[in-house]
Structures are given as C-alpha cells and as structure tokens.
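Residue numbers (our numbering): 1 to 431.
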C-alpha cells in the first residue's frame, strides 16, 4: 500500500512540475524591422526597434543583447526588459511588446548582434557603422606598379588571335551570339560568349566577369538590350574549365607573384577589353564592367589596370584585404594554406605574395565611377573586405546594401541589382 501511494505521489509531482515548467517557459518571437539598411553612421545612430510577440500575456522578463565585432571580439552585453500586458494585443493575434535600444561609442566597422532569451537565440545578424571610415591600410610592395606595368607589356606582346563562331541556336532576330576565343598572357586561350545587336550600328558594350567556378551563361535578349555583351570567365574556369591546367585556381603558383594564378586572371580582363575594342559593333567609347564575387574582383581589377572602362559595377567583390579576409572566413583561406603547406611555403611568404593581388592595393588606380553592391550578411566575401577595396577608390562612387542577404545578394535581388547597375551605367553613356 505504501509503495503504491509513493508511486502516485511521484506521478503527481512529475505532472505538477511539468505543468509549472510549461507555464513558466513562455514562448516569445522577436522581429526587428530593417532601418537604414542596418548601415549606420554619425548622422544615423545605431538603433534597433524590437517587436516581441507571445501567445500569453501578464508577464515580464528580459532578453540579452550581445554585441561583437565581425571578427568575434566581444563589445558589450546588455539586458532589455519587456512586458506583455493583457491589453497589448498584436494585430495578428496574441500579445505584443515593444522596446528600443540605441548603441553608442562604436568605432567604424561591422558588428554582429545576438538577442538571447534563456538559452534560445532569437535573432542574430550583422550591421555596419561608418563603413566608409574603415581603414584597411595598403600594404603593396614598392614594385607593385612596375610589376603590373610589366605584366601588361608582356600581355601586349601576345597576339590575341581572335576567333568568333556564331551560335545559331542561341542567336535571335535582334541579337547574334558568338562563342569567342582569344589568346592572353602566356598564350592561354580564353573562351566566352559575345552577343551583338543585328542592326549593323555601333553600340555601348558591357563585359560580365564570372564568379569562382561559375558556369558560363549565354546572354539572352533581355540582358542589356541594345548593347553588346561579353560574358567571359578567367583562365581555367567556366568555358575554359575543360582545359584547366591550374588545379585549385586560388592556390596555384604560390611560390612567386609571376607564377600566381591571379596574375594571369587579372591580365585576362585586360585582354577581354582589347577584344571589345577590336569589334566594329562597339561604339569605341562606352564600355562598362560588372561581375559577381570573383567577377566583382575582376571588375575592380580591370578598372584598376585598364582605364578604358567607363564605369564599373561589382557586387560582393572577392580578393581584398587578405590578412583580415583570412581571419574572417574559412574558405578560401583553407585552400590557400593547404596549397602552401604542400609546397612548404610559410604564411608570411603567402601574405607577401598576395599583396600584389590585393584589391585594396590596386583600387586607388581606378579612374572611372564605381557602384558596389554587397550583402550585409555575407560570410564568404564579408562586407569588411568589400569596403577594404572600396574605401581606396578616389573617383565618384556609391554602394548598395542588401541588408538581409549574404553572398547570394545578387541572385536574391537580381532584378533590383540589374536595374540599379543599368541606371548607373546609363548615367555615363556618351552619345
């Protein structure tokens, strides 16, 4: 009898305890509207409006807000109190509580904020503060300009041997499409797609550089209608991949700046400009460049090395501020360091080599206007690295932030980005 009574008491305790825990563990949801694209400055202080909702009312509690740099260094930790009254009815049902928090004394940079209730992370995202004041000091070698001048001189000695093959299945009444070939530095053959209006007139042109290991796409009639378009990957990638002799591109030739993959890849961008200027359908003066990720890096590279570009529009550009870049991300740092280890090359030598190809060391040479797009939540080419290159540009420039997007900002906002970049290019067309 006693054993049976003890069992019933134990069951009652379990049920009561469960009931109490269910009552005390309130479920809340947190929404933070995007203000200022989460890109703040002295005139627009960092402020977050918190909108909390719950199915229950009549209780108060608090959540913790942790701030850290984009490198993960802790900045502050604050508790925010909220209360759900019985009359705080949310429009969609349940109950609502609001709070506001303002941050001060931040230095220029990118930060991550995390809102935590108990052990649950309610919201985590990145924001920027005075991004145009971020200082990523140039660390280019003394012979940087000479290195690139010599590279371009070497490229000029390579006969381009342009070849064009019309693609009937991809051509349309308003525009013909060709697969093209050209020889670049070291005799490397580049392949791409060239689309030209069929009206026999001369037109502006845009060159689209491709992302890392991206598939080369054929321009459609809706892509920059009325313009000539060259879609071209660098050596060993895209259409050139069947002829890839480099292996993992970013880790090829780490023993010397002259052998490094991006010496050839940057030279390839200049050869692509040579090709366009050799075409009778191009009007000879309105040439624009754009690209995503690696393509964004190549866009900045060609604008730095070749001043025939009228305006440039990179988005989520790659390859800038390698020392910070490799602290912020795993990829592609792992590819570079693994390649270096196989060749017994230490990190100091690697970073010394990369200074020749670091866009923050090159973009000060740009002579044309620049529009840069970036994804604020990008964990592949983080905004810090985008602005490392951008902040050294001395020509007219502006940026577009996609606050909730990451590295796929261009694809998630393609209509917006194409519209913005096209309007930007049209500002600089000379008729």
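Idealized CB from N, CA, C, for every residue including glycine.
Exercise for the section: Return the residue from the list 274, 318, 204 and 304 that minimises the CA-CA distance to residue 392. Expected result: Mapped onto the chain shown, residue 392 falls at position 392. The option with the nearest alpha carbon to residue 392 is 304.
Handout entry: Cβ neighbours of residue 311 in the same chain (closer than 6 Å, five flanking residues each side left out)
Key = The residue labelled residue 311 in the question sits at position 311 within the chain shown. Once the five neighbours on either side are set aside, the close Cβ partners of residue 311 are 288, 368, 369, 425 and 428.
Exercise for the section: Identify every run of the beta strand (DSSP E) within the segment 158-234, keeping only runs that are complete inside it and at least 3 residues long; order them along the chain. Expected result: 163-166, 175-183, 189-197, 203-209 and 228-232
Exercise for the section: Over the uninterrupted beta strand (DSSP E) stretch that includes residue 420, give me the two end residues. Expected result: Against the chain shown, residue 420 aligns to sequence position 420. Careful: residue 420 lies outside any beta strand (DSSP E), inside the alpha helix (DSSP H) at 414-427.
Problem - Nearest-angstrom beta carbon gap, residue 155 and residue 185 [assumed within contact, 8 Å] - result: Mapped onto the chain shown, residue 185 falls at position 185. Mapped onto the chain shown, residue 155 falls at position 155. Confirmed, Cβ separation roughly 5 Å.
Handout entry: 8 Å Cβ cutoff met for residue 403 and residue 376
Key = Here residue 403 refers to the residue found at position 403 of the chain shown. Here residue 376 refers to the residue found at position 376 of the chain shown. Cβ distance < 8 Å, so residue 403 and residue 376 count as in contact.
Exercise for the section: Locate the beta strand (DSSP E) running through residue 99, then write down its first and last residues. Expected result: The sequence position of residue 99 within the chain shown is 99, counting from 1. Where residue 99 is concerned, the enclosing beta strand (DSSP E) stretches over 95-103.
Problem - Boundaries of the beta strand (DSSP E) in which residue 51 is found, first to last residue - result: Taking the first residue of the chain shown as position 1, residue 51 is located at position 51. That run of the beta strand (DSSP E) goes 46-54.
Problem - Whole-angstrom C-beta distance between residue 237 and residue 227, which should lie under 8 Å - result: Locating residue 227 in the chain shown gives position 227, where the first residue counts as 1. Locating residue 237 in the chain shown gives position 237, where the first residue counts as 1. Wrong, their Cβ atoms sit about 24 Å apart, outside the cutoff.
Practice task
Grab me the residues of residue 38's own chain with a C-beta within less than 8 Å of its C-beta, minus the 5 sequence neighbours each way, in chain order.
Solution key: If you number the chain shown from 1, residue 38 lands on position 38. For residue 38, where only same-chain residues beyond five positions count, the Cβ hits under 8 Å are 125, 126, 127, 128, 376, 401 and 403.
Exercise for the section: Determine the contact status of residue 54 and residue 89, defining contact as a CB-CB distance below 8 Å. Expected result: Against the chain shown, residue 54 aligns to sequence position 54. Against the chain shown, residue 89 aligns to sequence position 89. No. Outside cutoff.
Exercise for the section: For the beta strand (DSSP E) holding residue 59, just list the boundary residues, first then last. Expected result: The sequence position of residue 59 within the chain shown is 59, counting from 1. 59-69 is the span of the beta strand (DSSP E), which, as asked, contains residue 59.
Handout entry: Counted within 10 angstroms of its Cβ, other Cβ atoms place residue 372 as buried (16 or more) or exposed
Key = One-based indexing of the chain shown puts residue 372 at position 372. Result: buried.
Problem - Same chain only: Cβ atoms within 6 Å of residue 133, ignoring 5 sequence neighbours per side - result: Sequence index remark: in the chain shown, residue 133 carries index 133 (1-based). Here the set comprises 108.
Problem - Simplified DSSP state of residue 499, which is helix, strand or coil - result: Not covered by the structure: residue 499. The range shown for the chain is 1 to 431.
Exercise for the section: Starting from the Cα of residue 437, find the closest Cα among 218, 80 and 119 and give me that residue. Expected result: Past the boundaries of the shown model lies residue 437; the chain is included only from 1 to 431, so the question cannot be answered.
Exercise for the section: Decide yes or no for the touch test of the segment 329-349 against the segment 75-87: beta carbon pairs closer than 8 Å, at least 3 of them. Expected result: no
Exercise for the section: Run the CB neighbour count on residue 306, radius 10 Å, all protein chains shown included, and call it buried at 16 or more, exposed below. Expected result: Position 306 of the chain shown, counted from the start, is the residue given in the question as residue 306. Residue 306 comes out buried.
Practice task
Following the continuous beta strand (DSSP E) through residue 373, name the residue where it begins and the one where it ends.
Solution key: Walking along the chain shown from the start, residue 373 turns up at place 373. Taken as a continuous stretch (DSSP letters only), the beta strand (DSSP E) holding residue 373 covers 370-375.
Exercise for the section: For the alpha helix (DSSP H) containing residue 289, list its first residue and its last residue. Expected result: For the purposes of this step, residue 289 is taken as residue 289 along the chain shown, with counting starting at 1. Here residue 289 belongs to no alpha helix (DSSP H); instead the beta strand (DSSP E) covers 282-292.
Problem - Nonlocal neighbours in the same chain, by C-beta distance under 8 Å from residue 36, ignoring five residues either side - result: For the purposes of this step, residue 36 is taken as the residue at position 36 of the chain shown. Within the same chain, residue 36 has close Cβ partners 44.
Problem - Other residues of its chain near residue 31: CB distance less than 7 Å, five sequence neighbours each side excluded - result: Taking the first residue of the chain shown as 1, we reach residue 31 at position 31. The residues are 51.
Problem - Coil, strand or helix - residue 311 by DSSP - result: Working through the chain shown from its first residue, we reach residue 311 at position 311. Residue 311: strand per DSSP, three-state reduction.
Exercise for the section: Enumerate in chain order the residues of its own chain whose CB-to-CB distance from residue 395 is below 7 Å, with the five nearest sequence positions on each side excluded. Expected result: Position 395 of the chain shown, counting from 1, holds the residue named residue 395. Excluding positions up to five away in sequence, the list reads 366, 367, 368, 369 and 370.
Problem - Selected residue, minimal CA-CA separation from residue 101, among 336, 76, 120 and 110 - result: For this step, residue 101 is matched to residue 101 along the chain shown. Nearest option by C-alpha distance: 76.
Exercise for the section: Examine chain B for any beta-carbon lying closer than 8 Å to the beta-carbon of residue 429, and answer yes or no. Expected result: Annotation note: the requested chain B is absent from the structure, which comprises a single protein chain.
Problem - Cβ neighbour criterion (16 or more within 10 Å) applied to residue 21 - result: What you label residue 21 is simply residue 21 of the chain shown in a count that begins at 1. In this prediction, residue 21 scores a pLDDT of 30, lower than 50, which makes its location untrustworthy; the coordinate-derived value is nonetheless stated afterwards. Exposed.
Problem - Proximity below 8 Å, CB of residue 158 to CB of residue 200 - result: Translated into positions along the chain shown, residue 158 becomes position 158. Translated into positions along the chain shown, residue 200 becomes position 200. Contact flag unset, no.
Practice task
Note down, in chain order, each residue of its chain lying with its Cβ closer than 7 Å to the Cβ of residue 172, except the 5 sequence neighbours on either side.
Solution key: Looking up residue 172 in the chain shown gives position 172. Same-chain partners within the cutoff: 221.
Exercise for the section: From the DSSP output, in three-state form, read off residue 115 for me. Expected result: One-based indexing of the chain shown puts residue 115 at position 115. Here residue 115 sits in strand by DSSP.
Handout entry: Nearest neighbour of residue 160, chosen from 81, 406, 274 and 423 [CA to CA]
Key = On the chain shown, position 160 is the one that residue 160 refers to. For the residues 81, 406, 274 and 423, the minimum Cα distance to residue 160 belongs to 274.
Problem - Contact check, residue 360 vs residue 321, beta carbons under 8 Å - result: Stepping through the chain shown from its first residue, residue 360 is reached at position 360. Stepping through the chain shown from its first residue, residue 321 is reached at position 321. Against a cut-off of 8 Å, the Cβ pair of residue 321 and residue 360 comes out as a contact.
Exercise for the section: Given a cut-off of 8 Å, decide if residue 292 and residue 374 are closer than it, judged by their beta-carbon atoms. Expected result: Looking up residue 374 in the chain shown gives position 374. Looking up residue 292 in the chain shown gives position 292. Not closer than 8 Å, so no.
Practice task
For residue 520, name the three-state secondary structure that DSSP assigns.
Solution key: With the chain represented from 1 up to 431, any question about residue 520 goes unanswered, as that position is not in the structure.
Exercise for the section: Check the C-beta distance from residue 56 over to residue 95 and give it rounded, since I have them as a contact under 8 Å. Expected result: Along the chain shown, one-based indexing puts residue 56 at 56. Along the chain shown, one-based indexing puts residue 95 at 95. About 7 Å separates the two Cβ atoms, so the contact holds.
Problem - Reference residue 81; option with closest CA among 62, 309 and 67 - result: Here residue 81 refers to the residue found at position 81 when the chain shown is read from its first residue. Answer by Cα proximity: 62.
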